[in-house]
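Okay, so here's the structure we're looking at.
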Amino acid sequence: MINLEHLTINYGDNTVVKNLNFSLGHDEILMLVGPTGCGKSTILKAIAGLVPIADGKITNSHWVADAKHQVPPEKRNLGMVFQDFALFPHLSVLDNVSFRLKTTKKAEHWLAVLGLSEFSQVKPSQLSGGQKQRVALARTLAHEPALVLLDEPLSSLDAALKDELRWQIRDALKAAGVPAIWVTHDQEEALSIGDQVGVLRAGNLEQLADPQTCYNTPANEFVAGFLGDANFLDGQLDSNNNNNNCVNTVLGSAAIHPNQHSTNQVKVLLRPEDIDLQANEQGNGKVIWSRFEGKSSLVLVELSDGEQIRVRQSNKVTLHTNQTVQLTINTQAPLSVFPVTEK
Amino acid sequence: MKPWPTSYIIALIVAIFSLLPVAVLVSLAADGSELFDAYNLEVLTNTLLLMGITAFGAILLGVPLAILLTYVQLPWKKFWLVLLAAPLAMPSYLGAFTFYAAFGYSGELNTLTGIETPPFEGLFGASVIMTLYTYPFVLLSTRAALSSLDASQVYAARTLGMSLFPALWRVALPRIANGIAAGALLASLYALSDFGTPAFMGLDTFTRVIYVEYNAFGLSQAAMLSLQLLVIVALVLYLESRVKGSQEPPGRHLMFWPNLKQSLLMILAMLPVVLFAMVLPLAVFSLWLWRDGAGNFEIDYAWNSAQASLLAAIAAVIVALPLAHASIKGKAGKLMERIVFVGFGIPGIVMGTALVYLGLQLPFLYQTLALLVAAYVLRFIPLAVGSIRTAHENLDGTMVNAARLLGASPQEAFRRITLPLIMRGVVAGGALVFLEAMRELPATLLLGPTGYETLATYLWRVYEAGYFGLAAIPGLLLIFISVLALLLMLTGERFNDIELNKGSEK
Chain A
1 MINLEHLTIN YGDNTVVKNL NFSLGHDEIL MLVGPTGCGK STILKAIAGL
51 VPIADGKITN SHWVADAKHQ VPPEKRNLGM VFQDFALFPH LSVLDNVSFR
101 LKTTKKAEHW LAVLGLSEFS QVKPSQLSGG QKQRVALART LAHEPALVLL
151 DEPLSSLDAA LKDELRWQIR DALKAAGVPA IWVTHDQEEA LSIGDQVGVL
201 RAGNLEQLAD PQTCYNTPAN EFVAGFLGDA NFLDGQLDSN NNNNNCVNTV
251 LGSAAIHPNQ HSTNQVKVLL RPEDIDLQAN EQGNGKVIWS RFEGKSSLVL
301 VELSDGEQIR VRQSNKVTLH TNQTVQLTIN TQAPLSVFPV TEK
Chain B
1 MKPWPTSYII ALIVAIFSLL PVAVLVSLAA DGSELFDAYN LEVLTNTLLL
51 MGITAFGAIL LGVPLAILLT YVQLPWKKFW LVLLAAPLAM PSYLGAFTFY
101 AAFGYSGELN TLTGIETPPF EGLFGASVIM TLYTYPFVLL STRAALSSLD
151 ASQVYAARTL GMSLFPALWR VALPRIANGI AAGALLASLY ALSDFGTPAF
201 MGLDTFTRVI YVEYNAFGLS QAAMLSLQLL VIVALVLYLE SRVKGSQEPP
251 GRHLMFWPNL KQSLLMILAM LPVVLFAMVL PLAVFSLWLW RDGAGNFEID
301 YAWNSAQASL LAAIAAVIVA LPLAHASIKG KAGKLMERIV FVGFGIPGIV
351 MGTALVYLGL QLPFLYQTLA LLVAAYVLRF IPLAVGSIRT AHENLDGTMV
401 NAARLLGASP QEAFRRITLP LIMRGVVAGG ALVFLEAMRE LPATLLLGPT
451 GYETLATYLW RVYEAGYFGL AAIPGLLLIF ISVLALLLML TGERFNDIEL
501 NKGSEK
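Going line by line, the protein sequences match chains A and B.
Going by full-length UniProt numbering, 310 is the number at position 310 of the first sequence; the sequence numbering is gapless.
Going by full-length UniProt numbering, 374 is the number at position 374 of the second sequence; the sequence numbering is gapless.
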């Protein structure tokens, strides 16, 4: 378990992380996701004790670190998996994994779990990228940390490997029964692997929730846009409806999540897959471009008022540029709305 | 404010010691010596002429050779590169010594073949020797610039309608000008600080005149001359720091495929350089060995050289470790490392003068091996620091973090991760210091305890006495040591190549 209270981190005079609070349960995986430079790796380094914290407190079951009492990394009993593996090139795989262990038993166990037993006497330079990262994970888990930190563990690997390896890592973490904080810039990775997803922007935690909540009811437009393709369409709350849980737009009306009290004028979040597209001479928009993506196509449609909307359609109709089409909202799930911000 | 790391404290002490020779010279020169006189002007002119001609000659030889050895696919390309870079590893005084003995009326060439050749001496002789042993600076720096120049730029110029040579002139040359200048400045620096060559050639440059003054007990005049020389050195070093321009990422450079006839012609054109710089000294020393035998050479001289050099190498490595660490740790450490590099710019004769005076003030140091070793360390420690720092920089920083997070203390992480991984750099740095110290002449002449003859000083005594034939064994040994140094430099280069390849595979 780990608990962060009012964590603030500075690089020189620049504050890179501001007043961060969260805690993590006994075997949860928290995905920290955000654009480059949002401070996500810095948070990991601060938890690991590799960069000093300026304010706030990090509490673990055996230690408390704050600005006055920086606990050195080796006293924190944390494991860290690095983007560039950080394997010791002069030691064999087994010696790497059992770096500070008295016996090789645990090392052999984790090498076996991760399918690396045959490589135990090999030097890291002879391994492939995916194998190296699994060795690094085995090394971390064999030392039985109280928390595992993963700093973009997959971003120096080939795309083909990533998908396979992310599930292997998840399974190993779950088997070890250890909580983990996993930093990534890949929103798909964050949504699929995480028990919790934390979206960061410029050092602020914008939302922290389970993946479904983050995707379906994002806290704000930034989170909505970062986690997937998003259209924001003007809409008015339906005044005839007392509960304010219906919204009218140029593409029709739809239910919204209750309890999103806001102004009458709103922005409605529409994912490209929430919209239905039909070829129709009398339609409300025309095609700007259509990108074939295999099992579906992404289409950009300009509405008569000039608004541009991204729509995903399953290749049922062949579209050409300037073709007139009819868009309608087509989703059963309630939508998210955001108040219109004064510009 | 965080407390300073331990390495900073050691680095600071070394940095202060590095500035000591300059401080000593200033206080010594203040003892009422002439600031500048007519003779001084002649010395200054000689020095600047030698420096200028050397730089010019090094460019004239180095740039065409660099183009040949980079862009032309010659047979045994690597072999030619090694052979033509080799003079860099040899101290030029060996060349000066043998050229002096080989040419002229009573020279070996006349004795052997009856062909009388003009003598090799004075400004002409010194310039030719200097050029022959410093052009590799230009060759290597130009080659580095050429090979990082992407061919597509020249191709672009060609497709835009320019023919090959104008394209090279307009597109390639401006980009490699810095590389050429850097090499030429290093050659100038060498010409400025070398003692042996002008001494053997009888050209009154600063280094030779400082030695003459020292022998005439004009220590404070020697100090004044040393300071004047240091000012010029500082100027050259300043220029050198300014020209180090942008290093471009290595691309795919131009390549020409000559036919057999063209290849032979180019190799023939390169041969005289190798012949004069490498074969002639080797041949002359071998001739003396065959004719005069070992003479009164004693193996003790070699042992003395090895002993002082080994001590210097060990001391340099011990001091260089914290310095290298400090230099990558922070700005203050970087500054201290820069200060220590001052030693590299101080010519051996100047270092000798400063430490002799220090010895006179501190009698317990005078005429001791410790003082000689200190001179070696102060002069050559940048070699050790550079080698260790490079190894340190290649080390992935996250590796130490990984070790720390696995529970290792900083000390344990250094012992188990950092040290084993930089060991290669440590050994290479120590070996470089050792080999440099083995060949050092001027500081050894001034600081060697009485009767403590080394290979280099023995060569000097032989020259002074005029019995050149006695120099066979020390000469050959010094060439052998130079070959070792060259091999060491080459393995260093190969090591870097491998590292680079690894990086590009990622």
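Where is the CB? At the ideal position from N, CA and C, for every residue including glycine.
Only a predicted model underlies this, so the values are computations on that prediction, with no experimental measurement involved.
Endpoints, the alpha helix (DSSP H) within which residue i is located
i	result
B/Ile10	6 to 29
B/Tyr71	38 to 71
A/Val223	221 to 227
B/Leu365	B/Leu365 -> no alpha helix (DSSP H), and no H or E assigned at all.
B/Leu164	164 to 167
A/Gly252	Here A/Gly252 belongs to no alpha helix (DSSP H); instead the beta strand (DSSP E) covers 252 to 255.
B/Ser292	Here residue 292 of chain B turns out to be Asp, not Ser, going by the sequence shown. Unbroken alpha helix (DSSP H) run through B/Asp292: 280 to 292.
A/Glu206	Note, A/Glu206: premise wrong, no alpha helix (DSSP H); beta strand (DSSP E) at 204 to 209.
A/Thr140	129 to 142
B/Phe206	206 to 215
Straight-line gap, residue i to residue j (C-alpha atoms, nearest Å)
i	j	result
B/Tyr357	B/Tyr376	16 Å
B/Gly448	B/Leu49	31 Å
A/Val268	A/Trp182	31 Å
A/Pro72	A/Ala159	36 Å
B/Phe297	B/Pro474	8 Å
B/Leu140	A/Cys38	44 Å
B/Gly62	B/Pro87	12 Å
A/Asp305	A/Asp276	19 Å
B/Thr117	B/Gly107	8 Å
A/Ala255	B/Thr398	50 Å
B/Phe256	B/Ile176	19 Å
B/Met51	A/Glu74	56 Å
B/Leu225	B/Ile232	11 Å
A/Ile329	A/Lys286	16 Å
B/Leu237	B/Leu189	8 Å
B/Gly293	B/Tyr452	23 Å
Cβ-based neighbour list, residue i, same chain, cut-off 6 Å, excluding 5 preceding and 5 following
i	result
A/Gln207	Val199, Cys214, Ala219, Val223
residue 510 of chain B	Look at the range of chain B in this structure, 1 to 506, and you will see that residue 510 of chain B is not part of it.
A/Val93	Phe119, Ser120, Val122, Val135
B/Leu227	Leu25, Ala29
Of the residues the options, the one placed nearest residue i, counting alpha carbons only
i	options	result
B/Thr45	B/Tyr135, B/Tyr211, B/Leu229, B/Val373	B/Leu229
B/Ala472	B/Leu271, B/Arg439, B/Leu287	B/Leu287
B/Thr98	B/Leu459, B/Leu484, B/Leu490	B/Leu459
B/Ala126	B/Thr54, B/Leu81, B/Leu74	B/Thr54
A/Ile2	A/Ser61, A/Gly130, A/Asp229	A/Ser61
B/Pro198	B/Ile479, B/Phe285, B/Asp396, B/Thr131	B/Thr131
A/Gly130	A/Leu141, A/Lys18, A/Leu116	A/Leu116
A/Phe22	A/Leu227, A/Leu300, A/Thr8, A/Pro35	A/Thr8
B/Arg252	B/Gly469, B/Val342, B/Asp150, B/Gly343	B/Asp150
According to DSSP, residues forming a beta bridge with residue i
i	result
A/Leu150	A/Val81, A/Trp182
A/Val317	None; A/Val317 has no bridge partner.
A/Pro339	A/Val266
A/Met31	A/Trp182, A/Val197
A/Asp163	Answer by DSSP bridge pairing: none, since A/Asp163 is not bridged.
A/Leu4	A/Phe22, A/Ile58
A/Trp289	A/Leu300
A/Gly235	A/Val266
Proximal residues to residue i (C-beta, below 8 Å), its chain only, five neighbours per side dropped
i	result
A/Gln70	Gly49, Pro52, Ile53
A/His95	Residue 95 of chain A is actually Asp in this sequence, not His. Closer than 8 Å at the Cβ level, and outside the excluded window around A/Asp95, lie Phe88.
A/Arg166	Leu154, Glu189, Ser192, Ile193
B/Thr390	Gly425
B/Gly429	Ala316, Val317, Ala320, Leu383, Ala384, Val385, Gly386, Ser387, Ile388
A/Ser253	Asp238, Cys246, Val247, Ile329
N- and C-terminal bounds of the beta strand (DSSP E) containing residue i
i	result
A/Cys246	246 to 249
A/Leu327	324 to 329
A/Val64	64 to 66
A/Asp276	275 to 279
Own chain partners of residue i with C-beta closer than 7 Å, once the 5 adjacent residues on each side are dropped
i	result
B/Val43	Asp204, Thr205, Phe206, Val209
A/Ile29	Arg170, Leu173, Ala180, Trp182, Ile193, Gly194, Asp195
B/Val373	Ala308, Leu311, Ala312, Ala315
A/Thr104	Leu94, Ser98
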